[in-house]
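Student:
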Amino acid sequence: MMNSRPQQCRLSREQMKEILLYLEKARKDTSRPIMVHQNRVKRAKMARIPDSASILKCLELAPKRVEKLLDELEVDTSRTAARYVLYGYLCAYWACMTGHRPSVFH
1269 MMNSRPQQCR
1279 LSREQMKEIL
1289 LYLEKARKDT
1299 SRPIMVHQNR
1309 VKRAKMARIP
1319 DSASILKCLE
1329 LAPKRVEKLL
1339 DELEVDTSRT
1349 AARYVLYGYL
1359 CAYWACMTGH
1369 RPSVFH
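For our numbering, count along the sequence shown from 1 and bump the result up by 1268.
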């Protein structure tokens, strides 16, 4: 690479050496087991992200459902299942609005 430098290149030999060193280091770093594992985990997490249509549907339906659940709980506060469903809808709505994981709101 050092000998086959194009004539239009304005970089000095030292600059070219430094760039090649950084590229080689980056190549080695990405092939290390920890980096491979991190990339695999990130890919798996990205695959679980809901698509934009699902997020828009959640933003549309969740407020209506929350309103109904609040009305139900106002009548009968002992309904634990309805309360858990309410918390679920609230967390889903907040997660869609903010981009945070639902576990952030617990």
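In this text, a Cβ means the ideal position worked out from N, Cα and C, and glycines have one as well.
Specify whether the stretch 1327 to 1336 and the stretch 1296 to 1312 touch according to this definition: at least 3 beta carbon pairs, one from each stretch, less than 8 Å apart.
Tutor: no
Student: Determine the direct distance from the alpha carbon of residue 1350 to that of residue 1341, and round the result to whole angstroms.
Tutor: In the sequence shown, counting from the first residue as 1, residue 1341 sits at position 73. In the sequence shown, counting from the first residue as 1, residue 1350 sits at position 82. For residue 1341 and residue 1350, the distance between alpha carbons rounds to 7 Å.
Student: In chain order, what residues of the same chain lie with their CB nearer than 8 Å to the CB of residue 1278, ignoring the 5 residues before and after it?
Tutor: Taking the sequence shown and counting its residues from 1, one reaches residue 1278 at position 10. Cβ within range, chain order: n/a, list empty.
Student: By how many angstroms is the C-alpha of residue 1275 removed from the C-alpha of residue 1323?
Tutor: Within the sequence shown, the letter at position 55 stands for residue 1323. Within the sequence shown, the letter at position 7 stands for residue 1275. The straight-line gap from Cα to Cα measures roughly 52 Å.
Student: For the candidate residues 1281, 1292, 1295 and 1357, whose alpha-carbon lies nearest to that of residue 1328?
Tutor: Reading the sequence shown from its first residue, position 60 is the one you call residue 1328. It is 1357 whose Cα lies nearest to the Cα of residue 1328.
Student: Between which two residues does the alpha helix (DSSP H) holding residue 1322 run?
Tutor: Position 54 of the sequence shown, counting from 1, holds the residue named residue 1322. Counting along the chain, the alpha helix (DSSP H) containing residue 1322 begins and ends at 1320 to 1343.
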